[in-house]
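Written out below as structure tokens is the structure these notes cover.
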Amino acid sequence: MMLTLSCLSYMTHGASNIPDISDKQLNAQYWQQKLTQDQWMSMKNSQVKAFNQLLFTHNEHMVQPLQTADSLSKVELLGKLSRISAVPSSARFYADGTQLTQSHFQHYLDNLNTQSIKKMNAVQFGLVVKRSAMRTFPTLDKVYNEQMDLDLDRFQETAVFPGEAVAILLSSTDNKWFLVQNYNYLAWVEQEAIAIGDKQALIQYTDQSDFLMITGAKVFTSYVPNEPKISQVQLDMGVKLPLLSAGQQHKELYGQSTAGNYEVELPTRNEDGSLSFKTALIGRTQDVQQGYLEFTPKHVIAQAFKFLGERYGWGHDYNGRDCTGFVGEIYKTFGILMPRNSGQQGKGEYGTNFRFNASTEVAAKMAVIDQLQVGDLIYIPGHVMVYLGKENGQPFVIHDVKGLAYWTPDGDYYSGVLNAVSVTPLIKLQLNKQTTYLDKIYNIKRITLTSKQER
Numbered sequence: 001m002m003l004t005l006s007c008l009s010y011m012t013h014g015a016s017n018i019p020d021i022s023d024k025q026l027n028a029q030y031w032q033q034k035l036t037q038d039q040w041m042s043m044k045n046s047q048v049k050a051f052n053q054l055l056f057t058h059n060e061h062m063v064q065p066l067q068t069a070d071s072l073s074k075v076e077l078l079g080k081l082s083r084i085s086a087v088p089s090s091a092r093f094y095a096d097g098t099q100l101t102q103s104h105f106q107h108y109l110d111n112l113n114t115q116s117i118k119k120m121n122a123v124q125f126g127l128v129v130k131r132s133a134m135r136t137f138p139t140l141d142k143v144y145n146e147q148m149d150l151d152l153d154r155f156q157e158t159a160v161f162p163g164e165a166v167a168i169l170l171s172s173t174d175n176k177w178f179l180v181q182n183y184n185y186l187a188w189v190e191q192e193a194i195a196i197g198d199k200q201a202l203i204q205y206t207d208q209s210d211f212l213m214i215t216g217a218k219v220f221t222s223y224v225p226n227e228p229k230i231s232q233v234q235l236d237m238g239v240k241l242p243l244l245s246a247g248q249q250h251k252e253l254y255g256q257s258t259a260g261n262y263e264v265e266l267p268t269r270n271e272d273g274s275l276s277f278k279t280a281l282i283g284r285t286q287d288v289q290q291g292y293l294e295f296t297p298k299h300v301i302a303q304a305f306k307f308l309g310e311r312y313g314w315g316h317d318y319n320g321r322d323c324t325g326f327v328g329e330i331y332k333t334f335g336i337l338m339p340r341n342s343g344q345q346g347k348g349e350y351g352t353n354f355r356f357n358a359s360t361e362v363a364a365k366m367a368v369i370d371q372l373q374v375g376d377l378i379y380i381p382g383h384v385m386v387y388l389g390k391e392n393g394q395p396f397v398i399h400d401v402k403g404l405a406y407w408t409p410d411g412d413y414y415s416g417v418l419n420a421v422s423v424t425p426l427i428k429l430q431l432n433k434q435t436t437y438l439d440k441i442y443n444i445k446r447i448t449l450t451s452k453q454e455r
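No gaps in the numbering here: position 250 of the sequence shown is 250 in my numbering, and each next residue is one more.
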């Protein structure tokens with residue numbers, strides 16, 4: 001079915017390929033000013049904590065890594081390994097067009113170190129010291145599917161960020177990678193990104209209530225000469241680091257006054273791979289917040305727009321993020337955690353859900369869309385969007401998206417790319433000539449602690 005909405009004009013900003021977009025719509029304040037009083041709902045910190053706890057209790061894709069058992073049986077460990085490091089059924093190719101054979105995959109399988117797995121296997125625990133990729137196999141080799149889209153590395157899964165706790169389940173044969181479990185994913189991470197520590201020390205570190213939340217898209221620690229482990233470290237939105245207590249703070253540090261900086265406890269990795277903590281400085285003018293942001297529509301809009309224009313990065317590739325990474329990082333600033341992949345989020349029973357199936361009439365979907373609240377998450381297979389508000393009576397979204405397609409008023413089919421965090425109309429978007437985004441919406445999720453969940 002092809003939807004045409006003749007009431008919409010095609011205003012553009014500059015040479016934009018996005019329909020119905022003007023310069024004013026590319027500004028967070030524009031959408032914030034549209035908020036009405038009845039949209040100023042929020043979730044209190046206690047409710048956020050309860051929301052997360054219920055996810056960890058009932059959602060199979062959410063894990064508290066520091067509650068992992070201190071040892072895993074051979075069957076348990078091999079089961080986890082097979083979940084992430086399986087040879088795909090579909091063909092894979094290197095960038096030069098070479099198709100991977102069983103021999104190629106055997107090279108990666110040999111590095112899984114399955115021969116070292118014993119009847120019982122000790123689990124170690126650690127903290128992430130720098131942003132790093134989580135990979136299907138313990139390798140940085142890039143592979144692609146048959147379409148040879150070089151933006152989509154099929155060995156790229158997601159990323160881990162400084163201060164995150166992980167359970168370390170296995171070391172690769174070449175001793176350069178760890179198989180780790182963080183709060184919402186299991187995959188391979190380079191060992192140099194992980195520092196191994198005592199579980200109780202990690203629990204104490206991650207549970208500290210006085211912390212600095214990174215609310216900017218990317219923030220960097222202050223430059224410190226001759227201290228590369230704490231100097232200009234990239235911290236992405238959603239990273240939280242404990243603040244030093246008043247008694248621990250310094251008047252001067254690293255040859256400068258600390259008056260204009262926050263002092264945070266940054267995990268670092270020693271030469272032997274063990275964990276140590278160093279004080280890092282973060283300028284007070286940086287985009288940061290003491291504690292979590294209040295979960296309100298105004299803040300959802302503000303956080304989303306901080307990524308506007310950032311290039312799409314499949315599985316957090318390109319030092320960016322994809323659609324669910326975009327959503328996940330926004331909501332982490334409120335303390336709200338979610339599963340990693342869009343299907344896991346969209347099919348998850350948490351929050352308030354408005355579900356549709358293949359037989360749902362367009363009118364029924366539109367009735368729900370007409371009542372959307374800012375921050376609602378709209379799911380189609382493989383993708384998620386954040387609802388922004390209405391313009392000329394039509395819904396608009398902000399999302400991190402690769403492709404763009406729609407029918408022009410002249411009846412021409414436009415197919416191009418966004419490949420970035422973008423503001424777009426919702427109803428006009430097409431997946432192909434025959435199928436609209438609207439056709440494929442299967443859930444709209446409102447992040448709330450429902451009365452059912454509270455019971």
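Using N, Cα and C, we set each Cβ at its ideal position, and we do this for glycine too. No experiment lies behind these values; they were computed from the predicted model shown.
Counting only runs of 3+ residues, the beta strand (DSSP E) found wholly inside the region 419–447 occupies 443–446, in chain order. Taken in chain order, the whole alpha helix (DSSP H) runs of length 4 or more contained in the region 313–351 are 323–332 and 342–347. Inside the region 192–256, DSSP marks whole alpha helix (DSSP H) runs of 4 or more residues at positions 199–206, from first to last along the chain. For residue 58, the number of other beta carbons within 10 angstroms of its own is below 16, and it is reported as exposed. Per the coordinates, the alpha-carbon of residue 257 lies some 26 Å from the alpha-carbon of residue 269.
With a contact defined as Cβ atoms closer than 8 Å, residue 163 and residue 267 qualify at about 6 Å. Under the DSSP assignment, residue 50 falls outside any beta strand (DSSP E), being part of the alpha helix (DSSP H) whose first and last residues are 45–58.
Residue 122: member of the beta strand (DSSP E) spanning 120–122, first to last residue. Its chain contains 28, 31 and 32 as the residues whose beta carbon lies nearer than 6 Å to that of residue 301, once the 5 sequence neighbours on both sides are disregarded; these appear in chain order. Around the beta-carbon of residue 187, 16 or more other beta-carbon atoms lie within 10 Å, marking it buried. For the pair residue 100 and residue 364, the Cα-to-Cα distance works out to about 46 Å. Taking all protein chains in view, the Cβ of residue 134 is crowded by 16 or more other Cβ atoms within 10 Å, so the residue is classified as buried.
Pairing residue 288 with residue 214 gives a Cβ-Cβ distance under 8 Å. Rounded to whole angstroms, the gap between the alpha carbons of residue 142 and residue 88 is 14 Å. Rounded to whole angstroms, the separation of the alpha carbons of residue 70 and residue 440 is 43 Å. For residue 183, there is no enclosing alpha helix (DSSP H), since its DSSP letter is neither H nor E. Per DSSP, reduced to three states, the secondary structure at residue 79 is helical. Contact between residue 329 and residue 321 holds, since their C-beta atoms are separated by about 6 Å, short of 8 Å. Going by DSSP, residue 388 is part of the beta strand (DSSP E) stretching over 383–391. 8 Å or more divides the Cβ of residue 284 from the Cβ of residue 419. For the 8 Å CB-CB criterion, residue 241 and residue 211 form a contact. Looking at the backbone, the Cα of residue 259 and that of residue 50 are separated by about 36 Å.
Between the alpha carbons of residue 177 and residue 55 lies a distance of about 29 Å.
With a cutoff of 8 Å on beta-carbon distance, residue 387 and residue 401 are scored as not near each other. Rounded to the nearest angstrom, the gap between the Cα atoms of residue 410 and residue 17 is 15 Å. For residue 225, the closest of 313, 199 and 254 by C-alpha to C-alpha distance is 254.
Taking all protein chains shown into account, residue 366 has fewer than 16 neighbouring C-beta atoms within 10 Å of its C-beta and is therefore exposed. Assigned with DSSP and collapsed to three states, residue 73 falls in strand. Taken through DSSP and simplified to helix, strand or coil, residue 62 comes out as coil.
By the 16-neighbour rule on beta-carbons within 10 angstroms, residue 46 is exposed. Below 8 Å, enough C-beta pairs join the region 442–449 and the region 337–357 to call them touching: three or more. The residue among 277, 156, 111 and 423 with its C-alpha nearest the C-alpha of residue 230 is 277.
DSSP places residue 19 in no alpha helix (DSSP H); its state is neither H nor E. In the assembly as shown, residue 425 is a buried residue. Its beta-carbon has 16 or more other beta-carbons within 10 Å.
Taking a 10 Å sphere around the C-beta of residue 36, we find fewer than 16 other C-beta atoms and assign the residue as exposed.
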